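The structure appears right after this line, and notes come after that.
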Amino acid sequence: MPISRTLLIVIIAIIVIAAVGGGLAYYYTQQRKPQKIVIYVIGKGVHPYWDVVAAGVERAEQEIKQKFGVDIDAEFWTPTKEEAALQFSQVDALIAQKITGLALAPVDAEAAVTYINKAIQQGIITITFDTDAPGSNRPIYIGTDNYKAGYLGGLAAYTLAKQKGYVKVGATLKVGIVSATLAAQNARERVQGFMDAIKKCAEVDPDIKGNINIQFIGPYEDKGDVSAAVSYALSILQAHPDLHIAFGSNAYEGPAWTQALKQLNYPPGKVVLVQFDVTSDNVPPAWEGYALVTIGQRQYFMGYYAVWLIYNATKLGSIEQAIKQFMPQWPQVKAYDTGVDLVAKERLELTAPTGEKIVIKSLSEYKREMQGLGVDPKLLGLENIP
Ligand code: BGC
Numbered sequence: 000m001p002i003s004r005t006l007l008i009v010i011i012a013i014i015v016i017a018a019v020g021g022g023l024a025y026y027y028t029q030q031r032k033p034q035k036i037v038i039y040v041i042g043k044g045v046h047p048y049w050d051v052v053a054a055g056v057e058r059a060e061q062e063i064k065q066k067f068g069v070d071i072d073a074e075f076w077t078p079t080k081e082e083a084a085l086q087f088s089q090v091d092a093l094i095a096q097k098i099t100g101l102a103l104a105p106v107d108a109e110a111a112v113t114y115i116n117k118a119i120q121q122g123i124i125t126i127t128f129d130t131d132a133p134g135s136n137r138p139i140y141i142g143t144d145n146y147k148a149g150y151l152g153g154l155a156a157y158t159l160a161k162q163k164g165y166v167k168v169g170a171t172l173k174v175g176i177v178s179a180t181l182a183a184q185n186a187r188e189r190v191q192g193f194m195d196a197i198k199k200c201a202e203v204d205p206d207i208k209g210n211i212n213i214q215f216i217g218p219y220e221d222k223g224d225v226s227a228a229v230s231y232a233l234s235i236l237q238a239h240p241d242l243h244i245a246f247g248s249n250a251y252e253g254p255a256w257t258q259a260l261k262q263l264n265y266p267p268g269k270v271v272l273v274q275f276d277v278t279s280d281n282v283p284p285a286w287e288g289y290a291l292v293t294i295g296q297r298q299y300f301m302g303y304y305a306v307w308l309i310y311n312a313t314k315l316g317s318i319e320q321a322i323k324q325f326m327p328q329w330p331q332v333k334a335y336d337t338g339v340d341l342v343a344k345e346r347l348e349l350t351a352p353t354g355e356k357i358v359i360k361s362l363s364e365y366k367r368e369m370q371g372l373g374v375d376p377k378l379l380g381l382e383n384i385p
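Anchor point for the sequence shown: position 61 equals 60 in numbering that gives the first Met the number 0, and the numbering is continuous, going up by one each time.
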């Protein structure tokens, strides 16, 4: 029986309606399906320092999953070398993947601006941590106030050098500095803070009144290369056997200075060595008495807060809202200082000529404190400290 024209039109209409309806239903369910939250935390290089950040990232991810039952993947990624280009290719790949959020520790503060701004422009919540890129559109930096930390190290160095009799009217105070690339905001600020503090102490010290010649040897930039750091430390010590103060801006430089001091048979404590970070590499120089001051950062919390903040931004609908909850003084202040602790083998309290009180905690005390904050001492290389 031939199908009438009307029936044919009705059949075609039903097919079209079903197809369109089905298509729309599929589209809307896909739209409503909660998107997986993907957050990347990008470090600068390979060092036990970064393992601690990774642990903080992991803890935040677990907490968020448990608390809110959301589908979240928080990843820590770091290049094999402290090279900006390696970070940038990863950032580009993540922009293409349209991830949710990104926390970057830029090796090069200026060069990173383009990439940070590009990620933000593509709708990726992007912040900095550990080291900042203040020229970018990042809404916040989470990490150490690096100038302040370097300054504190400088106050301690001057005060200890004075106790050792190295600070005398008319004398020359020799300060050797080995740093990572000064393109990194954190290294740059730490070195500046350290030098400024020493100059300030000499100026205000009533016993000296500026009558001392401060000789800065360096900063020499090892560019993240540990063997270059050791070579610089060795050549500084060979050229200046009477070096009074030694400083390294980054985690691997304290051990590099220590290696050089040992190789040249310096007894522990002869040179006032100030190093950064409490890690499995840095605890031995402190415990053996080579590093008289260790500036412990709280990088575990940098990773932890970065992930929580980005997650909260997705929940609240904007990063601005999330930051305001986290830090009410934003946007007047765009940096969240995670703080530092000064640590040494034994506890020591000093008063710098500037009047500032400096508390240096013992490694044991610091270990207990970190345990109290939920950070596994083993992560910090403190497991064998009593
Ligand atoms: C710095 C990091 C750096 C690490 C190893 C730390 O002190 O905060 O930015 O990557 O040292 O160089």
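For each residue, glycine too, the CB sits at the ideal point set by N, CA and C. As the structure is a computational prediction, the values presented were derived from the model and not from experiment.
| Item | Value |
| --- | --- |
| Environment of PHE300 [buried if 16+ CB atoms lie within 10 Å] | buried |
| 6 angstroms Cβ shell around LYS43 - same chain, five flanking residues per side excluded | GLU81, ALA104 and VAL106 |
| Same chain only: Cβ atoms within 6 angstroms of ASP129, ignoring 5 sequence neighbours per side | ALA104, GLY142 and MET301 |
| Minimum C-alpha distance to ALA102 - residue among GLU355, LYS333 and VAL306 | VAL306 |
| Spatial neighbours of GLN184 in its chain, beta-carbon cut-off 8 angstroms, leaving aside the 5 residues before and after | PRO105, ALA108, THR130, ASP131, ALA132, PRO133 and ASN145 |
| Top-ranked residue by Cα proximity to LYS261, from GLY288, TYR251 and VAL273 | GLY288 |
| Own chain partners of TYR265 with C-beta closer than 7 angstroms, once the 5 adjacent residues on each side are dropped | none |
| With 16 other Cβ atoms within 10 Å as the buried cut-off, status of GLU382 | exposed |
| Own chain partners of ASP336 with C-beta closer than 6 angstroms, once the 5 adjacent residues on each side are dropped | ASP144 |
| Test item: CB-CB of VAL190 and GLY149 under 8 angstroms | yes |
| Whole-angstrom distance between ILE63 and GLY122, CA atom to CA atom | 22 angstroms |
| Rounded separation between SER178 and SER248 - CA only | 5 angstroms |
| For GLU220 and LYS344, the rounded distance between their alpha carbons | 28 angstroms |
| Candidates TYR310, LEU85 and LEU272: closest to ASP70 by CA position | TYR310 |
| Local conformation of MET0 per DSSP, three classes | Unreliable placement is indicated for MET0, whose pLDDT of 48 sits below 50; no coordinate value is reported for it. |
| C-alpha distance - ALA196 paired with ALA182, whole-angstrom precision | 21 angstroms |
| Residue span of the alpha helix (DSSP H) that contains ALA53, given as start and end | 47-67 |
| N- and C-terminal bounds of the beta strand (DSSP E) containing GLN392 | Residue 392 cannot be examined here, being either before or after the span of the chain that is shown, 0 to 385. |
| contact_flag[the region 235-242, the region 339-357] where n(CB pairs < 8 angstroms) is 3 or more | no |
| Distance cut-off 7 angstroms: ASN249 Cβ against heavy atoms of the ligand BGC | yes |
| ALA250 and ASP224 closer than 8 angstroms at C-beta | no |
| Residue from ALA118, GLN65, ALA59 and LEU349 whose Cα sits closest to the Cα of PHE87 | ALA118 |
| Sequence-distant residues of the same chain with beta carbon closer than 6 angstroms to VAL51, five excluded per side | GLN298, TYR299 and LEU378 |
| Proximity test, GLY302 beta-carbon vs the ligand BGC heavy atom, cut-off 7 angstroms | no |
| Chain-order list of residues whose beta-carbon lies under 6 angstroms from that of PRO352 (same chain, five-residue window excluded) | CYS200, VAL203 and ASP204 |
| Residue environment, ARG31, which counts as buried when at least 16 other CB atoms sit within 10 Å | Any reading at ARG31 must be qualified, since the residue scores a pLDDT of 47, below 50, and its modelled position is unreliable; no value is offered. |
| Residues of its chain near GLU368, where Cβ-Cβ distance is below 8 angstroms and the 5 sequence neighbours each way are ignored | ASP340 and LYS360 |
| Beta-bridge pairing of SER361 - partner residues as DSSP gives them | ALA343 |
| Buried/exposed call for GLN29, threshold 16 Cβ in 10 Å | In this prediction, GLN29 scores a pLDDT of 48, lower than 50, which makes its location untrustworthy; the coordinate-derived value is nonetheless stated afterwards. The residue is exposed, with fewer than 16 neighbouring Cβ atoms inside 10 Å. |
| Euclidean distance between Cα positions of ILE357 and TYR165 | 19 angstroms |
| Coarse secondary structure for ASP280, derived from DSSP in three states | coil |
| Presumed contact (8 angstroms Cβ cut-off) between ASN236 and ALA285, rounded CB distance | The residue asked about is misnamed: residue 236 is Leu in this sequence, not Asn. Between ALA285 and LEU236 the Cβ distance is about 19 angstroms, and since that is not below 8 angstroms, they are no contact. |
| Integer-rounded CB distance, given that PHE246 should sit under 8 angstroms from ALA156 | 7 angstroms |
| Backbone CA spacing between ILE36 and GLY68 [nearest angstrom] | 12 angstroms |
| Enclosing beta strand (DSSP E) for ALA290 [first to last residue] | 290-296 |
| Classification of ALA255 by the beta-carbon crowding that lies within 10 angstroms, buried from 16 upward | buried |
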